[in-house]
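Chemist:
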Amino acid sequence: MAHLIPVLVQTPAHSQIGGALTYQSEASLPPGSLVRVPLGRRETLGVVWDGAPERDPALDASRLRPVSAALDGLPPLAPNWRQLVAFAARYYQRAPGEVALAALPPQLRDLSQAQLQRRLRRPPVSRTATASAPDGGASDTKSAADAQALALSPEQQAVMEQLRQGNGTFLLFGATGSGKTEVYLQCVQELLQREPSAQALVMVPEINLTPQLQQRFLARFAPVFGADAVVSLHSGMTNPQRLRSWLAAHLGTARIVLGTRMAVFASMPTLRLIVVDEEHDPSYKQQEGARYSARDLAIYRGQLEHAKVILGSATPSLESWHHSRPRAEGGRYTRLHMPSRVGDQSRLPLVRRVDMNHQPRRAVIAPPLLEAIRQRVAAGEQSLVFLNRRGYAPVLQCGSCDWKSACPHCSAYRVFHKIDRSLRCHHCGFAEPVPRACPQCGNLDIAPVGRGTERLQEHLAELLADLRRPGSQTPDAPLGSPVLVARIDADSTRRAGSLQSQLAQVHSGEVDVLVGTQMVAKGHDFRRITLVAAINADNALFSSDFRAPERLFSLLMQAAGRAGRDAAISGHSEMWIQTFQPRHPLFEALKRHDYPAFAERQLLDRAGAGLPPFSFQALLRAEARTQEAAQAFLDAASTAAQRQLADLPGFDQITLYPAVPMAVQRVANVERTQMLVESPSRKALQTFLTAWHGLLHTVRQGEAGRGLLRWAVDVDPLAI
Ligand code: ADP
Ligand code: ZN
Ligand code: ZN
1 MAHLIPVLVQ
11 TPAHSQIGGA
21 LTYQSEASLP
31 PGSLVRVPLG
41 RRETLGVVWD
51 GAPERDPALD
61 ASRLRPVSAA
71 LDGLPPLAPN
81 WRQLVAFAAR
91 YYQRAPGEVA
101 LAALPPQLRD
111 LSQAQLQRRL
121 RRPPVSRTAT
131 ASAPDGGASD
141 TKSAADAQAL
151 ALSPEQQAVM
161 EQLRQGNGTF
171 LLFGATGSGK
181 TEVYLQCVQE
191 LLQREPSAQA
201 LVMVPEINLT
211 PQLQQRFLAR
221 FAPVFGADAV
231 VSLHSGMTNP
241 QRLRSWLAAH
251 LGTARIVLGT
261 RMAVFASMPT
271 LRLIVVDEEH
281 DPSYKQQEGA
291 RYSARDLAIY
301 RGQLEHAKVI
311 LGSATPSLES
321 WHHSRPRAEG
331 GRYTRLHMPS
341 RVGDQSRLPL
351 VRRVDMNHQP
361 RRAVIAPPLL
371 EAIRQRVAAG
381 EQSLVFLNRR
391 GYAPVLQCGS
401 CDWKSACPHC
411 SAYRVFHKID
421 RSLRCHHCGF
431 AEPVPRACPQ
441 CGNLDIAPVG
451 RGTERLQEHL
461 AELLADLRRP
471 GSQTPDAPLG
481 SPVLVARIDA
491 DSTRRAGSLQ
501 SQLAQVHSGE
511 VDVLVGTQMV
521 AKGHDFRRIT
531 LVAAINADNA
541 LFSSDFRAPE
551 RLFSLLMQAA
561 GRAGRDAAIS
571 GHSEMWIQTF
581 QPRHPLFEAL
591 KRHDYPAFAE
601 RQLLDRAGAG
611 LPPFSFQALL
621 RAEARTQEAA
631 QAFLDAASTA
641 AQRQLADLPG
651 FDQITLYPAV
661 PMAVQRVANV
671 ERTQMLVESP
681 SRKALQTFLT
691 AWHGLLHTVR
701 QGEAGRGLLR
711 WAVDVDPLAI
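Residues in the sequence shown are numbered consecutively from 1, following our numbering.
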């Protein structure tokens with residue numbers, strides 16, 4: 001007799017196919033098996049799922065379509081993996097099929113049985129594919145140093161001991177340069193040596209940081225566990241590379257998986273340890289499809305697998321900070337602290353605030369800061385000047401009429417890029433050459449307003465033009481060579497490999513001053529930078545987003561952490577902040593490198609305002625050609641909830657806010673609106689969202705759904 005088999009397939013977003021489809025099969029296929037099944041007129045990859053197959057009693061079992069083929073030779077996906085997928089789908093309000101199939105390597109979908117068998121026979125990881133050496137300049141000496149476990153500092157030892165003794169989730173709160181990575185390395189090593197089949201998952205927020213990390217892990221572990229023991233998983237890899245890494249993890253040959261947020265779904269049957277480095281980083285939150293938080297799923301997965309989870313950060317998310325309060329006060333994570341930088345004289349940089357109220361008006365770089373940068377250049381040291389806005393100027397404006405460089409497709413200005421004399425919209429990508437005259441009145445005098453990294457680079461080069469690099473005098477160039485001001489941002493690093501080569505230029509000492517966006521504030525190890533300056537730090541103080549101060553603080557702390565990583569020169573490293581609000585508590589706390597004080601204040605504010613982590617939020621987003629259509633959908637969704645869900649348990653704990661247009665309300669001619677749902681109870685919110693989901697489909701199909709392009713629910717949104 002044929003077996004009835006529930007199978008998850010990739011369902012189009014919001015199709016009403018909620019769960020698994022039922023197929024029949026001669027063989028009994030255990031849950032987790034990968035199969036190929038017919039779907040409409042195509043054949044598609046599916047995962048045999050748990051539970052009794054759903055069956056329409058009216059439907060004759062013999063008319064169910066058969067499974068086309070099972071992917072032989074692949075062990076089934078483990079129960080814990082399936083539970084992770086089921087949880088993620090439920091929690092983030094998506095179809096399990098979408099989550100499951102998105103978590104598998106794309107190439108698995110197209111592989112024939114013969115091709116798969118060949119992949120399975122081949123050694124799973126080829127050295128060349130994964131060991132793409134990052135060219136970080138100093139990488140040779142570094143990898144030599146990385147090859148052996150370092151003798152731990154007392155702080156590191158204490159932390160290691162607590163990690164050995166404890167269980168569950170840990171928050172490793174450690175200053176930049178306190179040696180968190182060394183702790184991860186040694187934890188992984190102890191685990192892998194103790195348990196011959198155990199696997200560890202190490203996550204970082206940015207693809208750009210994976211080669212650097214992979215180099216460190218390979219240098220340390222290839223000699224001990226073999227080069228195949230370490231694989232990467234991130235979206236910058238080719239499909240064949242991803243498949244190889246995935247297979248190695250799934251089959252257990254890979255002991256260590258390094259990756260970005262997508263790696264949280266890696267199939268790792270013997271997972272025992274999860275590390276989430278820079279756990280506060282917003283890029284752990286997926287911004288489309290299933291909008292999951294890889295950090296939060298890592299914690300869930302850790303509980304499921306009885307694996308330890310280490311969240312590491314110098315500026316933890318307020319959520320993690322709150323959850324790691326003392327157990328007696330309700331904390332659930334164990335907080336571990338490493339306040340000092342490794343090395344004797346290695347101190348955190350001195351934070352200096354420049355009160356811009358007392359500087360010449362229109363000064364971009366205040367005179368005392370300029371003087372400090374000049375001194376660093378003269379001493380042969382490097383400075384990093386940080387501005388979180390790329391391009392030359394955010395707006396171009398006509399001097400005689402009121403024309404500004406608005407994007408015709410978005411409610412935003414196009415940014416002036418001088419390098420190719422273009423006006424580019426950073427929201428929709430629309431680009432045009434800069435007009436010679438004002439398109440509105442013909443006036444020739446159109447001028448940039450404000451400043452981005454390109455303009456800052458140009459300005460600094462002018463301010464430093466009279467200086468010569470110390471020791472650069474040669475018989476051929478008796479006056480010496482000019483100062484080099486370089487720039488690293490999303491524009492300068494568009495070409496593959498350009499980030500690595502630009503970083504190498506900084507490491508080699510060719511660059512005197514580096515201008516950059518937050519891209520350079522994160523993770524990169526600049527040994528010779530002794531001065532970091534944030535020239536326009538105030539913006540975030542006035543943001544309407546309640547998470548803006550948290551993000552600013554962590555960005556500035558991270559930027560400060562770039563300075564003086566070399567013990568020999570850290571003694572006089574400095575972080576300069578230009579601000580009109582020098583007494584702002586955020587900067588006061590920053591000056592003392594006092595994250596706990598900052599966090600405590602923020603948490604008090606949040607508790608007072610009933611904001612996360614003291615409440616739980618979700619957004620319902622709608623996109624339409626007109627603002628009215630988008631609003632109409634949200635209004636109807638709200639009305640439907642009030643009318644039909646009022647009896648739901650916990651509904652009295654749900655607040656539905658009115659729909660409001662998003663900050664940039666029109667992008668690429670699409671109007672965007674959102675509605676906030678809030679509750680002090682996570683459970684009540686989840687119950688509500690699940691019940692609401694069905695209603696949303698109904699509303700979508702009714703009158704109020706006319707003109708709607710898309711809708712989506714974002715649970716635990718990061719930006720509101
Ligand atoms: P974090 O991840 O906390 O920013 P890292 O782990 O990158 O810090 O360590 C900063 C630097 O200190 C690295 O160059 C690392 O090799 C070095 N380091 C870490 N631990 C030790 C140690 N116990 N002894 C000597 N050097 C160490
Ligand atoms: Zn004009
Ligand atoms: Zn645009």
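Even glycine gets a Cβ: it sits at the ideal position worked out from N, Cα and C.
(1) Let me confirm a value: Gly-174 is counted as buried when at least 16 other C-beta atoms fall within 10 Å, else exposed. Which label applies?
(2) So if DSSP puts Thr-169 in a beta bridge, which residue, or which two residues, is it bridged to?
(3) Quick check: the Cα distance between Gly-509 and Ala-372, rounded to an integer number of angstroms?
(4) How many whole angstroms separate the CB atoms of Val-351 and Ile-577, which I take to be in contact at a CB cut-off of 8 Å?
(5) Out of curiosity, what's the CA-to-CA distance linking Asp-716 and Ala-659?
(6) Could you name the residues of the same chain whose beta carbon sits closer than 6 Å to that of Gln-199, not counting the 5 residues immediately before and after it, in chain order?
(7) Between Leu-763 and Gly-391, what straight-line distance do the alpha-carbon atoms span, to the nearest angstrom?
(8) In chain order, what residues of the same chain lie with their CB nearer than 6 Å to the CB of Lys-418, ignoring the 5 residues before and after it?
(9) Could you check whether the Cβ of Ser-178 sits closer than 7 Å to any heavy atom belonging to ligand 1?
(10) Which runs of the alpha helix (DSSP H), 4 residues or longer, sit entirely within the region 326-378?
(11) To which residues does DSSP link Asp-808 through a beta bridge?
(12) Taking the alpha carbon of Val-483 as the reference point, which residue from Ala-465, Ala-314, Ala-477, Glu-432 has its own alpha carbon closest?
(13) Do Val-513 and Val-667 have their beta-carbon atoms positioned less than 8 Å apart in this structure?
(14) Of all residues in the structure, which have a C-beta closer than 5 Å to any heavy atom of ligand 3, taken in chain order?
(15) Check whether the region 424-434 and the region 394-409 are in contact - that is, three or more C-beta pairs closer than 8 Å.
(16) Helix or strand or just coil, what does DSSP make of Gln-440?
(17) Considering only C-alpha positions, which residue in the set Gln-653, Glu-703, Gln-156 is nearest to Ala-637?
(18) Taking all protein chains shown into account, decide if Leu-689 is buried (16 or more other Cβ within 10 angstroms of its Cβ) or exposed.
(19) Would the beta-carbon of Gly-516 fall within 8 Å of that of Asp-489?
(20) Helix, strand or coil for Lys-683, going by three-state DSSP, please let me know.
(21) How about the region 457-464 and the region 431-449: do they share at least three Cβ pairs that are nearer than 8 Å?
(22) Could you check whether the Cβ of Thr-181 sits closer than 7 Å to any heavy atom belonging to ligand 1?
(23) Give the DSSP-derived three-state secondary structure of Asp-489 in the structure shown.
(24) One question on the structure: do Arg-487 and Gln-382 come within less than 8 Å of each other, judged by their Cβ atoms?
(25) For ligand 5, any of its heavy atoms closer than 7 Å to the Cβ of Gly-252?
(26) Could you give the DSSP three-state label for Lys-522: helix, strand or coil?
(27) Can you tell me which of the three DSSP states Thr-11 falls into?
(28) How about the region 300-307 and the region 84-94: do they share at least three Cβ pairs that are nearer than 8 Å?
(29) Between Ser-283 and Glu-206, which are expected to be in contact by the criterion C-beta below 8 Å, what is the C-beta distance as a whole number of angstroms?
(30) If we count the other Cβ atoms within 10 Å of its Cβ and call it buried at 16 or more, is Gly-312 buried or exposed?
(31) Let me check understanding here. Comparing Cα to Cα, which of Leu-552, Ala-589, Ala-328, Gly-289 lies closest to Ala-534?
(32) State yes or no: is the C-beta of Ser-405 nearer than 7 Å to some heavy atom of ligand 2?
(33) Whole angstroms are fine: how far does the CA of Leu-656 sit from the CA of Met-675?
(34) What are the start and end residues of the alpha helix (DSSP H) that includes Gly-775?
(35) Using a Cβ-based criterion (distance less than 7 Å to any ligand heavy atom), does Ser-615 qualify as near ligand 2?
(36) Would you say Ala-100 and Leu-172 are within 8 Å of each other, going by their C-beta atoms?
Modeler: Taking the structure as given:
(1) Reading the sequence shown from its first residue, position 174 is the one you call residue 174. Here Gly-174 is buried, its C-beta having at least 16 other C-beta atoms within 10 Å.
(2) Along the sequence shown, read from residue 1 onward, the residue named residue 169 stands at position 169. According to DSSP, Thr-169 bridges with Val-309.
(3) For this step, residue 509 is matched to residue 509 along the sequence shown. For this step, residue 372 is matched to residue 372 along the sequence shown. Distance between the alpha carbons of Gly-509 and Ala-372 is about 19 Å.
(4) In the sequence shown, counting from the first residue as 1, residue 351 sits at position 351. In the sequence shown, counting from the first residue as 1, residue 577 sits at position 577. Going by Cβ atoms, the distance from Val-351 to Ile-577 rounds to 7 Å, so yes, they are a contact pair.
(5) Here residue 716 refers to the residue found at position 716 when the sequence shown is read from its first residue. Here residue 659 refers to the residue found at position 659 when the sequence shown is read from its first residue. Their backbone Cα atoms lie some 17 Å apart in a straight line.
(6) Taking the sequence shown and counting its residues from 1, one reaches residue 199 at position 199. For Gln-199, where only same-chain residues beyond five positions count, the Cβ hits under 6 Å are Arg-255, Met-268, Thr-270, Leu-271.
(7) The requested residue 763 does not occur in the structure, where the chain is confined to residues 1 to 720.
(8) Start at 1 with the first residue of the sequence shown, and residue 418 comes out as number 418. These residues qualify, in order along the chain: Tyr-392, Glu-454.
(9) For this step, residue 178 is matched to residue 178 along the sequence shown. Ser-178 Cβ: within cutoff of ligand 1.
(10) 367-378
(11) This structure gives no information on residue 808, because the portion of the chain shown stretches from 1 to 720.
(12) Here residue 483 refers to the residue found at position 483 when the sequence shown is read from its first residue. Closest by alpha carbon: Ala-465.
(13) To locate residue 667, count along the sequence shown from 1; it is residue 667. To locate residue 513, count along the sequence shown from 1; it is residue 513. Contact: no.
(14) Cys-407, His-409, Cys-410, Cys-425, His-427, Cys-428, Phe-430
(15) yes
(16) To locate residue 440, count along the sequence shown from 1; it is residue 440. If DSSP states are grouped into helix, strand and coil, Gln-440 belongs with coil.
(17) Within the sequence shown, the letter at position 637 stands for residue 637. Of the candidates Gln-653, Glu-703, Gln-156, the one whose C-alpha sits nearest the C-alpha of Ala-637 is Glu-703.
(18) Locating residue 689 in the sequence shown gives position 689, counting from the first residue. It is buried - the Cβ of Leu-689 has at least 16 other Cβ atoms within 10 Å.
(19) By one-based count along the sequence shown, residue 516 stands at place 516. By one-based count along the sequence shown, residue 489 stands at place 489. It is a contact, given that the beta carbons lie within the stated cut-off.
(20) Locating residue 683 in the sequence shown gives position 683, counting from the first residue. In the structure shown, Lys-683 sits in a helix (DSSP, three-state: H, G or I).
(21) No: fewer than three Cβ pairs fall under 8 Å.
(22) Here residue 181 is taken as the residue at index 181 of the sequence shown, counted from 1. Yes, since a heavy atom of ligand 1 falls inside the 7 Å radius drawn around the Cβ of Thr-181.
(23) Sequence index remark: in the sequence shown, residue 489 carries index 489 (1-based). Note: Asp-489 maps to coil in three-state DSSP.
(24) To locate residue 487, count along the sequence shown from 1; it is residue 487. To locate residue 382, count along the sequence shown from 1; it is residue 382. Not in contact: Arg-487 and Gln-382 (Cβ atoms no closer than 8 Å).
(25) Absence of ligand 5 is noted for the structure shown, with ligand 1, ligand 2 and ligand 3 being the only ligands found.
(26) For the purposes of this step, residue 522 is taken as residue 522 along the sequence shown, with counting starting at 1. Note: Lys-522 maps to coil in three-state DSSP.
(27) Sequence index remark: in the sequence shown, residue 11 carries index 11 (1-based). Assignment of Thr-11 by DSSP, reduced to helix, strand and coil, places it in the coil class.
(28) Yes, since at least three Cβ pairs between the region 300-307 and the region 84-94 fall closer than 8 Å, the two stretches touch.
(29) Position 283 of the sequence shown holds residue 283. Position 206 of the sequence shown holds residue 206. That pair is a contact at about 6 Å.
(30) Position 312 of the sequence shown, counting from 1, holds the residue named residue 312. So Gly-312 ends up on the buried side.
(31) Reading the sequence shown from its first residue, position 534 is the one you call residue 534. The residue with the shortest Cα to Cα distance from Ala-534 is Leu-552.
(32) As a first step, residue 405 must be located in the sequence shown, where it is residue number 405. Ser-405: no, Cβ never under 7 Å from ligand 2.
(33) Residue mapping note: residue 675 aligns to position 675 of the sequence shown, counting from 1. Residue mapping note: residue 656 aligns to position 656 of the sequence shown, counting from 1. In a straight line, the C-alpha of Met-675 is about 8 Å away from that of Leu-656.
(34) Only positions 1 to 720 of the chain appear in the structure, and residue 775 is not among them; the question remains open.
(35) To locate residue 615, count along the sequence shown from 1; it is residue 615. Checking the Cβ of Ser-615 against ligand 2 gives no.
(36) Position 100 of the sequence shown holds residue 100. Position 172 of the sequence shown holds residue 172. Cβ atoms of Ala-100 and Leu-172: not closer than 8 Å.
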